[in-house]
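As structure tokens, the structure follows; a few thoughts come after it.
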Amino acid sequence: LAEIKDENAMRVKSEAALRESEERYRAIFEHSGVGIVYFSPNGTIISLNNKAASNMGGALEEYIGKSLNEMFAKDEADIYQTRIESAASSDVSHVYESCIVRNSIPKWYFSTYTRVTSASGRVIGVLIASQDITERKQAEEEIRHLAFFDYLTNVYNRRYFESEFARLVAESSFPLSIITGDINGLK
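So the sequence shown is numbered by our numbering: it starts at 2 and just counts up by one.
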């Protein structure tokens with residue numbers, strides 16, 4: 002009888018520890034600063050966190066159970082399905098930068114696709130963790146613009162001329178003519 006009580010106490014303790022562990026991981030999942038979406042291998046959303054739903058412009062309930070084809074145009078859905086299949090068949094995570102346009106607003110994401118396996122090693126899904134990098138992409142574009150345009154006149158600068166000239170020479174775009182003009186007396 003004492004043995005049964007000990008086993009019962011251990012079982013209760015183990016179940017409490019398991020519940021606590023599940024709650025801890027659920028909190029990490031739900032409150033993560035990155036969007037996390039868990040897809041089945043065929044491209045259906047199994048679960049996602051609030052950040053991912055927000056990134057996609059909706060609420061959790063709108064996405065769970067939906068396939069890629071229900072959320073994206075066919076060509077985009079095919080790209081994401083190919084990425085999911087690639088990640089599902091690989092031991093290493095795959096990373097991508099993607100631009101998703103929602104409500105005419107482009108958003109850039111850095112996403113890591115990682116396969117999820119069962120204890121027996123069978124692939125049961127793909128986890129996608131996505132970080133919004135829109136501000137970084139905008140800063141990169143601003144830097145690129147400043148590198149090739151004059152700050153005051155917004156006209157192509159010498160660096161642009163040199164890079165284009167090198168590109169044209171490398172492509173053997175001959176005959177090549179260059180016309181220069183001085184519109185404001187500055188050299």
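For each residue, glycine too, the CB sits at the ideal point set by N, CA and C. These figures come from a predicted structure and were not determined experimentally.
On the DSSP letters alone, give me the boundaries of the beta strand (DSSP E) that residue i sits inside.
i: E129; result: This sequence places Ile at residue 129; Glu is not what is there. It spans V124 to D133 - the beta strand (DSSP E) in which I129 sits, taken as one unbroken run.
i: S99; result: H95 to R103
i: S164; result: It is not in any beta strand (DSSP E) - S164 instead sits in the alpha helix (DSSP H) that spans R159 to A171.
i: G36; result: G36 to F40
i: T45; result: Counting along the chain, T45 falls outside any beta strand (DSSP E), and DSSP gives it neither H nor E.
Provide the residue span of the alpha helix (DSSP H) that contains residue i, from first to last.
i: Y81; result: K75 to A89
i: V13; result: A3 to E31
i: K52; result: N51 to N56
i: Y64; result: L61 to Y64
i: N70; result: L69 to M72
Which residues in the same chain as residue i place their Cβ atom closer than 8 angstroms to its Cβ, once the five residues preceding and following it in sequence are excluded?
i: P42; result: I85, E86, A89, V124, I125, G126 and V127
i: S22; result: none
With 16 as the cutoff for other CB atoms within 10 Å, does residue i come out buried or exposed?
i: M11; result: exposed
i: I37; result: buried
i: R20; result: exposed
i: A140; result: exposed
i: I129; result: buried
i: F162; result: exposed
i: N9; result: exposed
Given residue i, which residues of its chain have a CB within under 6 angstroms of its CB, disregarding the five upstream and five downstream residues?
i: E98; result: F111
Compare the C-alpha of residue i against each of the options and name the closest.
i: T1; options: G122, V102 and F166; result: Residue coverage of the chain in this structure runs from 2 to 188, which leaves residue 1 outside it and unanswerable.
i: V96; options: F150, S131, A28 and H146; result: S131
i: S33; options: A53, I184, G182 and E23; result: A53
i: D79; options: E16, A60, P107 and T45; result: T45
i: N104; options: A148, T118, G59 and R116; result: G59
i: P176; options: I184, G182, D183 and F166; result: F166
i: T115; options: V93, G122, S121 and I106; result: V93
i: F149; options: R137, K138 and S164; result: S164
Going along the chain, which residues of its own chain have a beta-carbon closer than 7 angstroms to the beta-carbon of residue i, five neighbours each way excluded?
i: I47; result: Y39, F40, S41 and G126
i: L69; result: G44, A78, Y81 and Q82
Using a Cβ-Cβ cut-off of 9 angstroms, state whether residue i counts as contacting chain B.
i: G59; result: Absent here is chain B; the protein component of the structure consists of one chain.
Using 8 angstroms as the Cβ pair cut-off and three pairs as the minimum, do the region 151–163 and the region 62–81 touch? no
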